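Participant: Residue numbers (mature numbering (1 follows the signal peptide of the UniProt record, and there is no 0)): -21 to -1, 1 to 932. Cβ coordinates follow ideal geometry from the N, Cα and C atoms, glycine included. No experiment lies behind these values; they were computed from the predicted model shown.
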Amino acid sequence: MSGHVFACLLLVCILSVQTDGYCLDDNDCLYGWNHQCYNNTVRSYCRQGSCQQDADCGFDLLFCQHGYCRPSYCATDEDCQADNAACFYGVCFCKPGFRRIEKACVSVTGLTCRPYSADLDCNPSSFELMWNYGSVQNYGFDYVCDKQANICQCNMDVKKQNNGVCYSYLGSECKSSLECGRNSNMSCIDGTCTCSTGFLLRESECIWVMDAGCSSTDECLYEGFECKNTDIGSFCRCPIGHAVKSLNNATCIKVYGSSCADIHMCGYTESFFYRRSYFEILYKYHDYYSNKHFHCDLDNVCSCKPGFRWNQQIHNCEQIYDSICNSDMDCYSDNQSSAISTRMHICNIQTQKCDCRLGFRLSSFNTFDENQHVTRFICEGAETWYCESDEDCSASRVNSTCNSGSMCNCAEGLIEHGGACMLKESVCPEVVLTLPDLYRRSPKYALSSTEPPIRDDRLKDIWYNIGPAMISTEVKLNGRLPGACGTYYPIYLAESITAMEQSEIDSGYTITKQAKIGGLHEFGTSNNLSVQIRKCGSQYLAKLQVPNVVFAAYCLEHDTVSVSAGNSTDRWAHLEQKLQFQSEIDDNTSTEIYKPSVVFRCHPLDKYYNSYYYNYGGHCSGCNRYSYSTDGWFYTIHWYVNGLQCKTIGPTERSRLQETDLTESYISNMCGHRHFGFQIQCSFQWSETMFGERSTPIFSKRIQTGLNAWTVVTSAAGDFILPSIHSTPIGCQSSASDTSETCRIKWNLSAHGSCPFHTTKDIPDLCGVSILGLTKYGWERHYSQQYAFWRILFNETYIAELQANTLLTNGLKILISSDVKLQSSNMIATFAPLTSDHELWNGYTIPNIRVITKQTSSDTKETIRIIYDHGVYTSVISKETLSGNKIVFPMKEVGEFLVFKSRKHVVEVHVQTEVCSKGACACGIIIRNGNEIYMNSICNGITRDGFIHIGHG
C-alpha cells in the first residue's frame, strides 16, 4: 500500500471518529462544528448540538443559529468572548494549544489523547483550520500525542519546552536553522531564530504571508502584496491574477502567461481552492477542484486550454462555446499558432454563437470557480482527425491532403515514414538499427532538469541509421555546452564535410572522419573518435566509435528545438509493471496451459488523470488513475532499457495507449536483454495534432527489475532479516485445470558443498531464497497482483506466525556463525541462475548478498548531513557524533570537494557545489566504493544519475 493510500485511510479513520466515533461526554468532541456528544446504549458520536437560544450551547464560543449550535462569528480576536480564544477566518475557536474542556479553553499540555488520532486531539483548532480553511498551521502541529503515555506534549520541531510549557523558538540563539525547529517556519539569521522568508511575525508565531491578518498594506512587508478585505477578514494577498510560487517564496508572480516552471499552479488565482492547494495536494490535482480551463501548453506556459480564451477583465479563462460571434475568427482562442484551437469551433450564423466544428463533439465538466460550483462546456476532438479541405491537413503535416472520406492522407506519390510524407525512393531499404534518441540530438535541443542525458557509451560497435541529418560540427553548437544535443558532453565532427566528401557519400562511398567530445576542457583533456559515414536513400548511416566518457553523445544537424521552459509542471509519467497470462497448447500433453509474462505500461498523467476514489469513499490523491478516454491530445511513448532508447511508439490518442506497451518478447528480441536485472524507464511527449509540434519529453522514474541487492553490516553474530521485496511480478505456468494460486520459486546457493541445515516441511527454503509466484487462477481470483500478494502473503505467513507466537516477518534470514572473526570480515553469498517458465525470469541470478562484520569498539559513529540553510543562504555540512558533539560549517566555495575518505577501505565521498541565487549550493554527490564510482548530480540544471565507472577486480 502506497504512502498516499495510507494517509488517506488514516484521514478517513479520523473523520469517522469525529462524527461517528465513541464519546463519553462533550469533552470528547474536540471540534467546533460537531461539539456535542450523543450517547445511548447502541452507539455514541459527536454531532451538531440543537438549541433554542445561545445559552443552550453551553460555551461562550458557540451561538444558536437556525436551531443548531455553531461557532461564533468574529472580525477580531476581541470578538471571541472567552479566555484563550481567537478569531480564525471569521469564526471563533480555542487558540492553538488549547482545547475545550467544559466551558473553557484549556491548555492541551498533559491532557489525554488517543494514539490513533494522528496528533489531532492535541491540535483541535489546527484540524478545524485544515479541514475548513486550508491554513498552513495544520502542517506544523505545535503539540503531539506521546504514544506511550497518551498525553499531549510539545512538538520539539515547532516549539521548545521548559517545565512542561511550550515556548516559541523566536529570538533564540542559534548556529543553524536546525536549532530553530524543523517545522517552526523559522531560520537562523545572524545567530538568531527569525521568521523564514515568506512568513510574517504575528503574536510570537511565524505565519505564512497569505494567512497573515493585516490592517494596512505596510503590515504585509513583502513587495507586491496588498492588504485586501475578504469575506473572512483582511489578509495579505497578491494582486489579482498573481500568486506566490511556493510557501517560502514571497514574490508575487503573474500566473497567466508565465512559465509553468516559475509558478505554483496554472489556474484561477482568486479561487479559494488555489490558495488551499499550497497545503493539500487534493486541491491542486483532483479533477473536482482543479482548474480544467487552464493548462501548461507545449511551451510550458500557463495559458487557457483549447476551447477557452483569456478575459482580462475577470482574469480568468472563459469558454468559447456558446459565446457570441459574427465569424469563425470570433471563435478562435488566444493562441493563433495552435492548430487545434483554430479548428474546434465555427460560428453558427443562425444563432450567432460559437458551435462545435465537424469532427468535434460537445462535452461538459464540473469545477469550482472562486467558491462556486460551475458547469463548463468544451468541444472535444473525435478519435480520428477529420478534415474539410487540404488546408486543414497541411496545417498538421506537410504534403498531406484531405481525401473523400474527410481524412488526412499523404499526397499521391508519397508514403508515410516516421510521421512524414516522403518519396518512396528516398527511404532506405536496408535493415539498420536507428540511432537511439534521434529527436533529442539537435544542437538546439537543451536538456531540461528532469531529463536523463543521452549516453552513447552504451552503444554497440555497429552501423546505425542516423536519419537525414549529418553529424554536427562545433560551429553548430554555438557554445551550448553542457546540455546541448540532449547530453552533457556533445560529440561533434572535428572538421566539416567538404564538397568532395559529400560527393563521395552521395555516390555510395564510405568516408571516415574524426570527431571530438566537447566540454572536456575543464579537465584539461580532449578525446578524438573515429566515425564512418555513408548514405542509403536520403538517410545517413554511421558506424560510431563508442566514447569512453559517460554522459556523452553524438550531435546531429536537425532543427528540433527543445521547449525553453522545460518540462510541464502539471504532467508526469508513471511506469507500471503488469503481470499477464497467455493461453497456449502444450506440445507434449496437447492440453491448454497459461504462460506468464510481464508487460510494461507508460501512463501519461496530469492533474486530471491521476487519482480515484477507493471503495470506502475516501479520496486517494496522486494514486495514478489510469484513464484511457480520449482527451484531445496525442502521445508519443519512448522506452529506455539500461539508459538506451530501444523503442518509440506513437503519436497515438489516449484511448489507444495500450498499444504503446513494452512486452518481454520485444525486450528480449529487440532491446537485447534476455533476463531481468535491467533498469527500465519511459517518457512521453504530447502534441495537439498527430504530426504537430511535440512537448519536451516527460520521464518516469527508473525501475530496477528483478530482486534488490542487499548488504548487511553487523558487529555481532546471530540472525538478521532482510526484506525480500521485489517490484517486478513473477508468474507461474499452469494448466487450465490447476486451482493453485501460487507456486514457490527458489534460487539455490551456488556455494560448494551441501546445505548444513536439515530441510523440513515447515522450513523449506534454507540455503537459498524463495519467493511466491502467481498463477492465472490466483491472478483471476484476486484480480490484481497487489491485492493477490497482499492477501496471500498475509494469510500464509503473518497470521500463522502470529497464532504460533513466532512472528518472523517475511524476508530473508541470514545466519552468521559465532566462529566468524568479526574484526574485519567480508562475506558474499552467490546464487545459481533460476530455471523458470517465465521468459525473462528464466536464467535470472539474484545479485550477490554481502555481509560485512566489524567490531563496535573500533568504530567511530558519526553522521554527516548536507543541507541548505535558509538562514545563511548556503549549503552547510553538519557532522555529529553519537555523543552529541556537532560541527556545522558553511560550504561557500564552488567546485568539487572530498568530504569523506575511509582509512581502511577504498571508499570516498565527493560533493559538488555551484553558484546559486543566494550563494553556493550543493548540486551533486560522487561516491566511490572500490572500483565502482556512482554519481547523482543536478549541477548546471542537468540530471546525471548512474555509475560512471565500473572496473574489474
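(1) Can you find the residues in the same chain that come closer than 7 Å, C-beta to C-beta, to M870, ignoring five residues on each side of it along the sequence?
(2) Should the region 52 to 62 be called in touch with the region 29 to 36, which here means at least 3 C-beta pairs below 8 Å?
(3) Since C185 and C199 should fall inside the 8 Å C-beta cutoff, what is the C-beta to C-beta distance between them, to a whole number of angstroms?
(4) Thinking just about the alpha-carbon of each residue, which of Y488, T330, N507, S486 is nearest to the one in K495?
(5) Enumerate in chain order the residues of its own chain whose CB-to-CB distance from T171 is below 8 Å, with the five nearest sequence positions on each side excluded.
(6) When DSSP labels each residue in this structure, what does C746 get in the three-state scheme?
(7) Could you work out which residue in S896, E887, V894 is closest to M914 when comparing CA atoms only?
(8) Contact check, F204 vs C231 under 8 Å by CB: the rounded distance?
(9) If you drop the 5 nearest sequence neighbours on each side, which residues of the same chain put their C-beta closer than 7 Å to that of D440?
(10) L641 and G710 - do their beta-carbons sit closer together than 8 Å?
(11) According to DSSP, what are the bridge partners of Y17?
(12) Output the distance between the C-alpha atoms of P683 and R322, rounded to the nearest integer angstrom.
(13) Looking only at C-alpha atoms, which of P447, T429, Y471, V454 sits nearest to D435?
(14) With C239 and C193 assumed to form a contact (beta carbons below 8 Å), what rounded beta-carbon distance in angstroms separates them?
(15) Which runs of the alpha helix (DSSP H) spanning at least 4 residues fall entirely within the region 602 to 667, listed in chain order?
(16) Please specify which runs of the beta strand (DSSP E), each continuous and at least 3 residues long, are wholly inside the region 388 to 433, giving them in chain order.
(17) Can you round the beta-carbon distance between L554 and S679 to whole angstroms, since I take them to be within the 8 Å contact cut?
(18) Measuring alpha carbon to alpha carbon, tell me which residue in N134, C66, K82, R79 is nearest D98.
(19) Give the straight-line distance between the Cα atoms of F670 and Q658, rounded to the nearest whole angstrom.
(20) For the region 440 to 451 against the region 410 to 419, do three or more pairs of beta-carbon atoms, one drawn from each stretch, fall closer than 8 Å, so that the two count as touching?
(21) Where do the ends of the beta strand (DSSP E) carrying K332 lie?
(22) Using the Cβ count rule (16 or more neighbours within 10 Å means buried), how would you classify I921?
(23) Please state if the CB of Y756 and the CB of S729 are separated by a distance shorter than 8 Å.
(24) Just grab the DSSP bridge partners of L179 for me.
(25) Closest by CA to A463, which one among L337, S427, E474?
(26) Evaluate contact between the region 814 to 821 and the region 574 to 582, counting only Cβ atoms and requiring at least three cross-stretch pairs below 8 Å.
(27) With DSSP as the reference, label K755 as helix, strand or coil.
(28) Have a look at F339, Y488, W758 and flag the residue whose alpha-carbon is nearest the alpha-carbon of F560.
(29) Just the C-alpha distance for C650 and C625, rounded to the nearest angstrom, thanks.
(30) Given this structure, state the Cα-to-Cα distance separating I906 from L341, to the nearest angstrom.
(31) Skipping 5 residues on each side, what residues in its chain have a beta carbon closer than 7 Å to that of R161?
(32) CA-CA distance, G925 and T429?
(33) Quick check: does the Cβ of A715 come within less than 7 Å of any heavy atom belonging to the ligand COA?
(34) Taking the CB atoms as reference points, tell me whether L40 and C59 lie closer together than 8 Å.
(35) Using three-state DSSP, classify D121 as helix, strand or coil.
(36) Please state the DSSP three-state secondary structure of K557.
Facilitator: The relevant details are as follows:
(1) Here residue 870 refers to the residue found at position 891 when the sequence shown is read from its first residue. Excluding sequence neighbours, M870 sits near T853, S854, V855, I856, T892, A899, A901.
(2) Judged by Cβ distances under 8 Å, the region 52 to 62 makes no contact with the region 29 to 36, as fewer than three pairs qualify.
(3) The residue given as residue 185 occupies position 206 in the sequence shown. The residue given as residue 199 occupies position 220 in the sequence shown. That belief does not hold up - the Cβ atoms of C185 and C199 are roughly 14 Å apart, past 8 Å.
(4) If you number the sequence shown from 1, residue 495 lands on position 516. Sorting Y488, T330, N507, S486 by C-alpha distance to the C-alpha of K495 places N507 at the top.
(5) As a first step, residue 171 is located in the sequence shown; it is residue number 192 there, counting from the start. For T171, where only same-chain residues beyond five positions count, the Cβ hits under 8 Å are G150, S151, E152, C153.
(6) Residue mapping note: residue 746 aligns to position 767 of the sequence shown, counting from 1. Of the three classes helix, strand and coil, the one that applies to C746 here is coil, per DSSP.
(7) On the sequence shown, position 935 is the one that residue 914 refers to. It is E887.
(8) In the sequence shown, residue 204 corresponds to position 225, counting from 1. In the sequence shown, residue 231 corresponds to position 252, counting from 1. With 8 Å as the limit, F204 and C231 qualify as a contact, their Cβ atoms being about 7 Å apart.
(9) Taking the sequence shown and counting its residues from 1, one reaches residue 440 at position 461. For D440, the CB contacts under 7 Å within the same chain, skipping 5 residues up- and downstream, are V525 in chain order.
(10) For this step, residue 710 is matched to residue 731 along the sequence shown. For this step, residue 641 is matched to residue 662 along the sequence shown. Against a cut-off of 8 Å, the Cβ pair of L641 and G710 comes out as no contact.
(11) Start at 1 with the first residue of the sequence shown, and residue 17 comes out as number 38. BP columns for Y17 point to Y24.
(12) As a position in the sequence shown, residue 683 is number 704, starting the count at 1. As a position in the sequence shown, residue 322 is number 343, starting the count at 1. Checking the sequence, you will find Gln at residue 683 rather than Pro. Taking the straight line from one Cα to the other gives about 44 Å.
(13) Start at 1 with the first residue of the sequence shown, and residue 435 comes out as number 456. Ranking the options by Cα distance to D435, first place goes to Y471.
(14) Taking the sequence shown and counting its residues from 1, the one referred to as residue 239 is at position 260. Taking the sequence shown and counting its residues from 1, the one referred to as residue 193 is at position 214. The pair is not a contact, with the Cβ atoms about 30 Å apart (cut-off 8 Å).
(15) Taking only runs of at least 4 residues, the alpha helix (DSSP H) segments lying wholly in the region 602 to 667 are 643 to 648.
(16) Listed in chain order, they are 393 to 396, 399 to 402.
(17) Looking up residue 554 in the sequence shown gives position 575. Looking up residue 679 in the sequence shown gives position 700. Approximately 4 Å separates the beta-carbon atoms of L554 and S679; this is inside 8 Å, confirming the contact.
(18) Numbered from its first residue, the sequence shown carries residue 98 at position 119. If you compare the alpha carbons of N134, C66, K82, R79 with that of D98, the shortest gap goes to N134.
(19) As a first step, residue 670 must be located in the sequence shown, where it is residue number 691. As a first step, residue 658 must be located in the sequence shown, where it is residue number 679. Spanning the two alpha carbons is a distance of roughly 30 Å.
(20) The region 440 to 451 is in contact with the region 410 to 419.
(21) Taking the first residue of the sequence shown as 1, we reach residue 332 at position 353. Bounds of the beta strand (DSSP E) holding K332 are 332 to 335.
(22) Sequence index remark: in the sequence shown, residue 921 carries index 942 (1-based). I921 should be labelled buried.
(23) As a working note, residue 729 is residue 750 in the sequence shown. As a working note, residue 756 is residue 777 in the sequence shown. The Cβ atoms of S729 and Y756 lie no closer than 8 Å to each other.
(24) One-based indexing of the sequence shown puts residue 179 at position 200. Note: L179 sits in a beta bridge opposite I186.
(25) Here residue 463 corresponds to residue number 484 of the sequence shown, with the count starting at 1. Ranking L337, S427, E474 by Cα distance to A463 puts S427 first.
(26) Between the region 814 to 821 and the region 574 to 582, the count of Cβ pairs shorter than 8 Å is three or higher; the stretches touch.
(27) The sequence position of residue 755 within the sequence shown is 776, counting from 1. Here K755 sits in helix by DSSP.
(28) Taking the sequence shown and counting its residues from 1, one reaches residue 560 at position 581. F560 has its Cα closest to that of W758, out of F339, Y488, W758.
(29) Here residue 650 refers to the residue found at position 671 of the sequence shown. Here residue 625 refers to the residue found at position 646 of the sequence shown. For C650 and C625, the distance between alpha carbons rounds to 6 Å.
(30) One-based indexing of the sequence shown puts residue 906 at position 927. One-based indexing of the sequence shown puts residue 341 at position 362. Those two C-alpha atoms are separated by around 56 Å.
(31) Within the sequence shown, the letter at position 182 stands for residue 161. Closer than 7 Å at the Cβ level, and outside the excluded window around R161, lie D136.
(32) Taking the first residue of the sequence shown as 1, we reach residue 925 at position 946. Taking the first residue of the sequence shown as 1, we reach residue 429 at position 450. G925 and T429: Cα-Cα distance of roughly 14 Å.
(33) With respect to the ligand COA, the structure shown offers nothing to examine, as it has no ligands at all.
(34) Counting from one through the sequence shown, the residue named residue 40 turns up at place 61. Counting from one through the sequence shown, the residue named residue 59 turns up at place 80. Contact check for L40 against C59 passes: the beta carbons are separated by less than 8 Å.
(35) Against the sequence shown, residue 121 aligns to sequence position 142. Residue state for D121 is assigned as coil, using DSSP reduced to three classes.
(36) The residue given as residue 557 occupies position 578 in the sequence shown. K557 falls in the strand class under three-state DSSP.
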